[in-house]
Every structure is written in structure tokens, then in C-alpha cells.
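Undergrad:
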Amino acid sequence: MRAETARSTVDGNAAAGLLADVFGVDVTVLVGVCGGCSAAAPLAETTVELDETAAIVRCRSCTHTLLTVLRTPSGIRLVIGTLRVLERR
Ligand SMILES: [Zn+2]
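Letter by letter, the sequence shown follows residues 1 to 89 in the numbering used here.
(1) Is Val-22 near Val-85, with beta carbons less than 8 Å apart?
(2) Do Ala-41 and Val-48 have their beta-carbon atoms positioned less than 8 Å apart in this structure?
(3) With DSSP as the reference, identify every bridge partner of Val-69, one or two as the case may be.
(4) Can we count Gly-32 as close to ligand 1, meaning its CB is less than 7 Å from some heavy atom?
(5) For Gly-35, collect the residues of the same chain with a Cβ closer than 6 Å to its Cβ; drop the 5 residues on either side in sequence, then sort them by chain order.
(6) Please report how far the alpha carbon of Leu-19 lies from the alpha carbon of Val-25, in whole angstroms.
(7) According to the neighbour-count rule (16 or more other Cβ atoms, all chains shown, within 10 Å of its Cβ), is Val-29 buried or exposed?
(8) With a CB to CB cut of under 6 Å and the five nearest residues on each side skipped, what residues in its chain are close to Val-79?
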């Protein structure tokens, strides 16, 4: 959808229900599509490099970084990498 073809434009609160439908489950069952190689797999099947401050989630097929989760003094930060699609099937 393009902004000029949207039926209405509202603030982000309008997406809350759809986002809850995606993230309201165990996220490891969500299927991610890699923007590097187009591989699709549940997040549980990715490769994760882990230490006390970060989890770097990599595509098992091409090793590109799909996303990174960081613990910072101000909270948790999710940095999207080459993750192109996250889908609840
Ligand atoms: Zn990949």
C-alpha cells in the first residue's frame, strides 16, 4: 500500500491491534524472511550470537544479521537488520 492510495491516514495507535496479532505470540514461531537471501524460517531456527548485553540474530542460510536485541541502560532496543518480513502463519 502506498500513502496516496490509503483510505485513511491516522496515527500509530490504529496499528495496535494488527501488531498485537503479530507479536502476541511466542515470537520464536514467527517466520522471518531474510532480505539477504530470501530464506524463510521460524525465528527459532536462526543462529544467535549471545552475550549479557546483546543477541545478534542471524540468518542460518547466509549469516546476514536479521535483527539485534540490545540491553541498554535506558531499556531494551530492537534494531532491524536484513529482516524483510516477519509473518505469523
Ligand atoms: Zn539470509
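All residues carry an ideal CB built from backbone N, CA and C; glycine is no exception.
Small disclaimer: the values here were computed from a predicted structure and weren't measured.
TA: So, from the listed chains and residues:
(1) No, Cβ-Cβ distance for Val-22 and Val-85 is not below 8 Å.
(2) No; because the gap between Cβ atoms is not below 8 Å, this pair is not in contact.
(3) The bridge partners DSSP lists for Val-69 are Ala-55 and Leu-78.
(4) Checking every heavy atom of ligand 1 against the Cβ of Gly-32, none is found closer than 7 Å.
(5) Counting only residues of its own chain and dropping the five nearest sequence neighbours on each side, Gly-35 has a CB closer than 6 Å to the CB of Thr-82 and Arg-84.
(6) Here the alpha carbons of Val-25 and Leu-19 stand approximately 11 Å from one another.
(7) So Val-29 counts as exposed.
(8) Same-chain partners within the cutoff: Thr-68.
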